[in-house]
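Residue numbers (my numbering), protein chains in the order written: chain A, 1 to 746; chain B, 747 to 1492. Don't be surprised by glycine CBs; every beta carbon is placed ideally from N, CA and C. Step one of this worksheet: look at the structure below.
There are 2 protein chains.
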Amino acid sequence: MKKYGMWTNSGRSYTITNMHTPRPWFNFLWNDSFLMQIDQFGGGKSWHSSEKMPYVPHNNTGVASDLGSVTDNRLVFVKDNESNKYWAANRNFHNEKFELFQSEVNPGWTEITSIHNKIKCSLLLCVPEKDNVECWQIKVTNLSNKERELTIFPYSNSSFCQQAHNACQRVDWKDKVQGLLFENSKSSRPLKNSYFSSDIKPNAYETTDRRFRGMYGILSDPDAVQEGDLSSKGTNFEWQMIAAFQYNLKLKPNEEWTVNIVSGLAKSENSAQIAINNYFSPNFLKFELQKLKDKTQEQFNSFNIESDNENIDNLVNIWLKRQISLGQQWGRVYGRGFRDIMQDCAAFVGFDAQIAKKTILYALTKQFADGNTIRQWSPEWRHPYRDGAVWVPTTITAYIKETGDFSILDEKVDFFESDETASVLDHIRRGMDFLLLNLGENGLCLWGGGDWNDSYDAAGLAGKGESIWLSQACVYATNTFCELLMQLNLKEESAKYAKLANQMKDNLNKKAYDKDHFIGGINDKGERLGTYSAKEAQFFLNTQTWAVISETANNPNDLMNLVETKLKCDYGYKLVDTPCTSQNPDVGSVTYMVPGNCENAAVYCHGNAFKIVADCLLERSDEAFSSLKKILPENPLNPNSSVEPYAVTNQYLGPDNPHRKGEANGTWITGTAGWVYRAIVENILGITTDYNQLKVQPCLTKEWSKIKIHKVFKNEEYDILIERIGYKKYKKILKKLEKLEKSIKL
Amino acid sequence: MKKYGMWTNSGRSYTITNMHTPRPWFNFLWNDSFLMQIDQFGGGKSWHSSEKMPYVPHNNTGVASDLGSVTDNRLVFVKDNESNKYWAANRNFHNEKFELFQSEVNPGWTEITSIHNKIKCSLLLCVPEKDNVECWQIKVTNLSNKERELTIFPYSNSSFCQQAHNACQRVDWKDKVQGLLFENSKSSRPLKNSYFSSDIKPNAYETTDRRFRGMYGILSDPDAVQEGDLSSKGTNFEWQMIAAFQYNLKLKPNEEWTVNIVSGLAKSENSAQIAINNYFSPNFLKFELQKLKDKTQEQFNSFNIESDNENIDNLVNIWLKRQISLGQQWGRVYGRGFRDIMQDCAAFVGFDAQIAKKTILYALTKQFADGNTIRQWSPEWRHPYRDGAVWVPTTITAYIKETGDFSILDEKVDFFESDETASVLDHIRRGMDFLLLNLGENGLCLWGGGDWNDSYDAAGLAGKGESIWLSQACVYATNTFCELLMQLNLKEESAKYAKLANQMKDNLNKKAYDKDHFIGGINDKGERLGTYSAKEAQFFLNTQTWAVISETANNPNDLMNLVETKLKCDYGYKLVDTPCTSQNPDVGSVTYMVPGNCENAAVYCHGNAFKIVADCLLERSDEAFSSLKKILPENPLNPNSSVEPYAVTNQYLGPDNPHRKGEANGTWITGTAGWVYRAIVENILGITTDYNQLKVQPCLTKEWSKIKIHKVFKNEEYDILIERIGYKKYKKILKKLEKLEKSIKL
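Written out as structure tokens, the structure is:
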């Protein structure tokens, strides 16, 4: 399998050494309100999220897409004034033979370094802890043994032009902001202005692509760089504003030159000025990077493992945490899904419980007074999905088990679009009641606008259809809730809910079974999906794995054997088989998708993580581990998946896809991260927290003989060693332990 | 002044010979439902307009803008397989020395021809009379004296991908459509599919930019062209689908090879197939081009002039007609404005009255039962502008005067969002009543959401503000209506309306005057705009010119003298002076615009055409002609305006613009075309039609000594010669005529 880079800094970074990865490999950098998605060249979008709606002030124009082609909106051109040669130091458009060309992906920043013609140039990109800004640090070093005359042109076409061809928009040099100020007096956005500022005054600047790239120029060879001088003119009413600076340098041998640039958004020129003074204070960036390193170390310290699999170690210790952190804060970036954020939090509690609590409490304000939740906020998505309530008890109990903090249950939280406020415990109750008391003809949960599976979005819209997965998940959530009620000594209430869950379990086995497996659901017309008599989509993954997880299956191992037979491929398990090929408005979007895509029979990794959990619950340790390895980035049986080694993907396009089987459609922003993390930690390694204890119940693959685990639980540090030592040695140790126990008793 | 091309084919085409025009020079190609805006290289957007909303199925991705940079979405790469050299024949990305490189802009098609390495390649682009499709014809000729092995790659990135990264979207080769079919099963659009088809089966094809351009490639040097072979693979769930074909040719000396390609939209594969069979029938394109030529000739025949100014002749005879045709059919392309289309029709009746009638009757369905109209349809724009009704009598009487067809007044037309239907005459009445019976404190027309000047959109929202221009235009429209009523022998009604108009005239002179000029308006707060006591915007162009046009001014020449003093610059007259510099929510958008832009003191050419009309009404012939020359494309005092020689512009950014004074912000889609046409024909040449006669009352500049005019009026052909012959000769001719008259009487 072709390697494009390697772990560096003990797995805290991944250094891409072959920049031509199969598709752009991304890093996400963010704070509360600002987010960058950048590829290995530093190109890509930035978002600022307003209260109601995330929007994209910085577009990646000139770019086919963030998956389909490389972005190109942050460039540093270097020009050698003696030879008149120029090159894009962080992009190498013409694929020249650079002495060095690499991208170091870190948790919170990316640094691209190149050496060409004995000039070293690095571009470090970072989003600071606060404010709506991206920070650039450019360093240029003369590695030759003679003085060099260089011109450096940092360039950004990340659309400062909030609206193209707007008569109210202008850009000018402003001394106050030490750079270019882009003003739009008529913008409806709260932050009307943006800026591109430098801590060293440039010799010249440019504001429009017409003059930089040239009216008929190519960005790889900009007219202005070829000519060597920028116009230092502002502009207005422009189709494509850009920002570019020009620095004329003379560098002695080994001399290094550094410039800091910030590009951000502001309400006014004055507020921009205040922010900029902060960014350009001494060591600002150094402190910001240190904060990021500290955060990573803090999360590492809270839980880490050491096995003989470096990839898994680095994912668990650093990178899945990073991915989950993104999810719990930004949802899926394009929007903040209730179910998504709650699931991410269930994993996040394991290494950052206090932030998780805050997020959980905020998310609960998106629950209606009837117990259901909205599908998504920022922006709102109101299609009547019905699974939101499932994730309320499961996530909150995960938080309590990790922290022992029962007080969360007493917090008062508003309901969505309601004058009512209730305790968190009541929020859970309302959710359970919503699920358990709104049943269909077969005594199963109503499907409504859909469940975890977004794409069965029309099967239950008329209020008759019933979802099997939702019924199973409801049983699971209810049992979780009953357990909590017992902890609270509310035995009677616990028994009441347990009875409802048991009834549901019975109904599932009586009404939702076809020959040897659980069906997928029953739509409004009474058609049973996921049966052998169905024309297609006869066998669903999730209703088998969740039959195990929810303990509703009578023959769980048989179900999982069928999963192996019917759904397995080289890179995971299909979500359904066979895929739908004919559009069915009585089922939903899934039937419109090209076979192999998303819910229509992709290897949907989130569902594959459920499968690993189910395997472990049945002590199918080898199946669990082999399933894990199938979906992790570097599966030799799926060499063209194109996933970053430091991230997991939402899905691999399924074997039925007519053109692109095995390819990942995107990474980072996926619920897969949280569930894969938990499957490894809680199920394979078996490190779980209960209301009063830390449990260790591994379901370890034979491939792993030894693994060290470090965990902080209720402020105590635990070092755990799991070692496969054989029965004899185990017996010996047991004896020793017995002796030790006796001696203590004495 | 730098020349970039020349008139060819007797002004029926303009051939761009220096392809690097100051900005892309456009051609518009269209039929009822499909429109292309292409630059000299053939790049640019295509639209399909659905019933309710025009949308853009074909985006120009990879392109900074249609003004700010060149579009690049239709390319023909040629590769010489002996030398391995390749070039984009219609784009010449690397600015190589081509033997020939030109673009012939025709009414309805554009043909780009290049010769490089002794290979001639032409690309002809055309929208046929019907259907949602663009037709390409590519011809390749071997001009060398040896056989050549070539590969030809036509490429389109004009986003067949109706939605990026859509799981429901795929593209595959289909024999039925002789090319690539792009299907989106979940599209909400009526035409879900698009295709890219060829009458010669290509040797290979490509469907994604990832493989054509290359994941990290540059479109000027696509990986696939360099490698020489396309993959012939379909794709789905793609960020950027493209269409490219590969033809392997061997051409003998002087051998010519031709391929026809069509790229369009269809409901289904079958309907695509039917359409394609039509396009690929023998001589289809030849017939389509002949139809376009015939239409141009027909419009030429209906009215044409011959002066010593070739530019003006070609504009009047061919190109302004083309521009007005676009306007009356597509409005301003981004939407169909009531006022825009009605004004365009007032000019259009002069050379295509029957189509004008259809358009007028349809537009009247956008008039409310209260007499006002919506601002725009497709898409609807409902801001409560109040000037729609002004254009109803003025345009309808223009139609009647041209044709003598009074029957239009009896046509029954629905009102917008109303069950009521009424005759066209009643539509006019309702409009007049709306204007004349809804007056403010000063007895002037209410300003409401605005008038012709879109950007005073907040001055009268509270229902108190009064518009001076609207009041003047109302007097003009009412007088026009009174004249019509007299023709209909409705004397009493005519007198009633005339009285109202006179009252309004009195009020204007009493209440809307400041020292020596008409003010701009009075806003809801009672603030008088356009007075000397105002902080800025003290003097408006339109309220002086329309004081003349509406005959409400007592001292019209003084007003026009002031216009010369206060508003003139090298390239026309500012719409207002001084521009607004501080944002005022009690006035509207105009105050938010950068000074010099649009209504905030640009040289707004539509308003300049009003000024020419006013000049002529006062027999200020030299002022009229010099004003006309200032705003026409090739004004040597404004050499960087960047306007196509065959089109007029909406505006030149005003002398107060901080960065871009004199630049045109866009061309073609502007009301300037209709008014400049009428100003030349009706006012400067003085060729007008009245209810019962053709009038010739020129207001000719001294610069013109002789001009021939041909006009068809009520099916009679008139050849008119206007010649400046001096008083003596004139007397002689008069005598001759008297004699002739006597002899006839005898």
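Identify which residue in A:Asn-608, A:Val-424 and A:Asp-524 has its Cα closest to the Cα of A:Phe-540.
-> As a first step, residue 540 of chain A is located in the first sequence; it is residue number 540 there, counting from the start. Taking only the C-alpha atoms, the option nearest A:Phe-540 is A:Asn-608.
Could you list which residues in chain A have their beta carbon closer than 7 Å to that of B:Phe-744, in chain order?
-> Limits of chain B in this structure are 747 at one end and 1492 at the other, which puts residue 744 of chain B out of reach.
Chain A contact for B:Phe-983 (CB, 8 Å cutoff) | As a working note, residue 983 of chain B is residue 237 in the second sequence. Output row for B:Phe-983: interface = yes.
For the beta strand (DSSP E) containing B:Thr-1327, list its first residue and its last residue.
-> Here residue 1327 of chain B is taken as the residue at index 581 of the second sequence, counted from 1. Unbroken run through B:Thr-1327: none, as it is neither H nor E.
Which residues does DSSP pair with A:Leu-529 in a beta bridge?
-> By 1-based counting over the first sequence, the position of residue 529 of chain A is 529. Answer is A:Gly-521.
With DSSP as the reference, please indicate the residues paired to B:Arg-820 in a beta bridge.
-> On the second sequence, position 74 is the one that residue 820 of chain B refers to. Beta-bridge pairing links B:Arg-820 to B:Ser-902.
Mind checking the region 1325–1357 of chain B against chain A and listing, in chain order, the residues whose C-beta falls within less than 7 Å of any C-beta there?
-> Gln-1329, Ser-1335, Tyr-1338, Met-1339, Val-1340, Asn-1343 and Cys-1344
Using a beta-carbon distance below 8 Å, is B:Arg-1274 in contact with chain A?
-> Taking the second sequence and counting its residues from 1, the one referred to as residue 1274 of chain B is at position 528. No, B:Arg-1274 lies away from the interface with chain A (no Cβ there is under 8 Å from its Cβ).
With DSSP as the reference, label A:His-606 as helix, strand or coil.
-> Here the question's residue 606 of chain A lines up with position 606 in the first sequence. Helix, per DSSP.
Whole-number beta carbon distance between B:Val-1389 and B:Thr-1418, since they are thought to touch under 8 Å | Residue mapping note: residue 1418 of chain B aligns to position 672 of the second sequence, counting from 1. Residue mapping note: residue 1389 of chain B aligns to position 643 of the second sequence, counting from 1. The pair is not a contact, with the Cβ atoms about 11 Å apart (cut-off 8 Å).
Could you give the DSSP three-state label for B:Gly-1081: helix, strand or coil?
-> Within the second sequence, residue 1081 of chain B is the residue found at index 335, counting from 1. Note: B:Gly-1081 maps to coil in three-state DSSP.
Proximity test, Cβ basis, 8 Å: A:Ala-167 and chain B | In the first sequence, residue 167 of chain A corresponds to position 167, counting from 1. It does: the Cβ of A:Ala-167 has a partner Cβ on chain B nearer than 8 Å.
So is A:Pro-54 in contact with chain B if we call contact Cβ pairs under 8 Å?
-> What you label residue 54 of chain A is simply residue 54 of the first sequence in a count that begins at 1. With a pLDDT of 43 at A:Pro-54, under the threshold of 50, the modelled position of that residue is not reliable, and the figure given next carries that caveat. Not closer than 8 Å to any Cβ of chain B, the Cβ of A:Pro-54 fails to qualify, so no.
When the distance is taken between beta carbons, is A:Leu-150 closer than 8 Å to A:Leu-249?
-> What you label residue 249 of chain A is simply residue 249 of the first sequence in a count that begins at 1. What you label residue 150 of chain A is simply residue 150 of the first sequence in a count that begins at 1. The answer is yes: Cβ separation under 8 Å.
Boundaries of the alpha helix (DSSP H) in which B:Val-1309 is found, first to last residue = Here residue 1309 of chain B refers to the residue found at position 563 when the second sequence is read from its first residue. B:Val-1309 -> alpha helix (DSSP H) spans 1302–1313.
Following the continuous alpha helix (DSSP H) through A:Ala-275, name the residue where it begins and the one where it ends.
-> Start at 1 with the first residue of the first sequence, and residue 275 of chain A comes out as number 275. Its alpha helix (DSSP H) spans residues 269–279.
Own chain residues within Cβ distance below 6 Å of A:Met-486, not counting five before or after | Mapped onto the first sequence, residue 486 of chain A falls at position 486. Contacts found: Ser-494.
Quick one, which of A:Asp-451, A:Phe-34 and A:Ala-534 has its alpha-carbon nearest A:Asp-514's?
-> Taking the first residue of the first sequence as 1, we reach residue 514 of chain A at position 514. Comparing Cα-Cα distances from A:Asp-514 to each of A:Asp-451, A:Phe-34 and A:Ala-534, the minimum goes to A:Ala-534.
Kindly list, in the order they appear in chain B, the residues whose Cβ is closer than 9 Å to that of A:Leu-180.
-> Taking the first sequence and counting its residues from 1, one reaches residue 180 of chain A at position 180. The contacting residues do not exist; A:Leu-180 stays about 13 Å from chain B at best.
Comparing the C-beta of B:His-862 with each C-beta of chain A, is any distance below 8 Å?
-> If you number the second sequence from 1, residue 862 of chain B lands on position 116. For B:His-862, the answer is no, since every Cβ of chain A falls outside 8 Å of its Cβ.
Whole alpha helix (DSSP H) runs in the region 639–702 of chain A with 4 or more residues, listed along the chain?
-> 672–678
For chain B, is any of its Cβ atoms less than 8 Å away from the one on A:His-20?
-> Along the first sequence, read from residue 1 onward, the residue named residue 20 of chain A stands at position 20. Chain B, which has a Cβ nearer than 8 Å to the Cβ of A:His-20, makes this yes.
Taking B:Ile-1051 as the reference, which of B:Lys-1454, B:Lys-1477 and B:Leu-1486 has the closest Cα?
-> Here residue 1051 of chain B refers to the residue found at position 305 of the second sequence. Of the listed residues, the one whose Cα sits closest to B:Ile-1051 is B:Lys-1454.
Option nearest A:Glu-256 by Cα separation, candidates A:Tyr-155, A:Lys-2 and A:Ile-138 = By 1-based counting over the first sequence, the position of residue 256 of chain A is 256. The shortest Cα separation from A:Glu-256 among A:Tyr-155, A:Lys-2 and A:Ile-138 belongs to A:Ile-138.
Run down chain B in chain order and give the residues with a C-beta less than 8 Å from the C-beta of A:Gly-234.
-> Here residue 234 of chain A refers to the residue found at position 234 of the first sequence. Correct list: Pro-1404 and His-1405.
Candidates A:Arg-210, A:Gly-264 and A:Gly-11: which alpha carbon is nearest A:Trp-136's?
-> Here residue 136 of chain A refers to the residue found at position 136 when the first sequence is read from its first residue. Checking every option, the nearest Cα to that of A:Trp-136 belongs to A:Gly-264.
Below 9 Å between beta carbons is the criterion; list the residues of the region 639–668 of chain A that meet it against any residue of chain B, in chain order.
-> Leu-653, Asn-657, Pro-658, His-659, Arg-660, Glu-663, Asn-665 and Gly-666
Return the CA-CA distance between B:Met-987 and B:Leu-976, expressed in angstroms with no decimal places.
-> Walking along the second sequence from the start, residue 987 of chain B turns up at place 241. Walking along the second sequence from the start, residue 976 of chain B turns up at place 230. One C-alpha to the other measures close to 14 Å.
Could you work out which residues of chain E lie near A:Lys-186, taking near to mean beta carbons separated by less than 7 Å?
-> Given the protein chain composition of this structure (A and B), no chain E is represented.
So B:Met-961 is in the beta strand (DSSP E); what residue range does that whole segment cover?
-> Residue numbering aside, residue 961 of chain B sits at position 215 when the second sequence is read from its first letter. Run containing B:Met-961: none; DSSP gives neither H nor E here.
Beta carbon of A:Val-133 nearer than 8 Å to that of A:Phe-34 | Along the first sequence, one-based indexing puts residue 133 of chain A at 133. Along the first sequence, one-based indexing puts residue 34 of chain A at 34. Yes, they are a contact pair.
Which residues, taken in chain order from the region 185–216 of chain A, show a beta carbon closer than 8 Å to some beta carbon of chain B?
-> Ser-185, Lys-186, Thr-208, Asp-209, Arg-210, Arg-213, Met-215 and Tyr-216
Any idea which residues DSSP pairs A:Asn-248 with across the strands?
-> Taking the first residue of the first sequence as 1, we reach residue 248 of chain A at position 248. Answer is A:Thr-151, bridged to A:Asn-248.
What residues from the region 766–788 of chain B come within 7 Å of chain A, judged by C-beta to C-beta, listed N to C?
-> His-766 and Arg-769
Just to confirm, are B:Ile-946 and B:Tyr-993 a CB contact at a threshold of 8 Å?
-> Locating residue 946 of chain B in the second sequence gives position 200, counting from the first residue. Locating residue 993 of chain B in the second sequence gives position 247, counting from the first residue. Contact: yes.
Nonlocal neighbours in the same chain, by C-beta distance under 7 Å from B:Asn-1495, ignoring five residues either side | Residue numbering for chain B in the displayed model covers 747 to 1492; residue 1495 of chain B lies beyond these limits and cannot be assessed.
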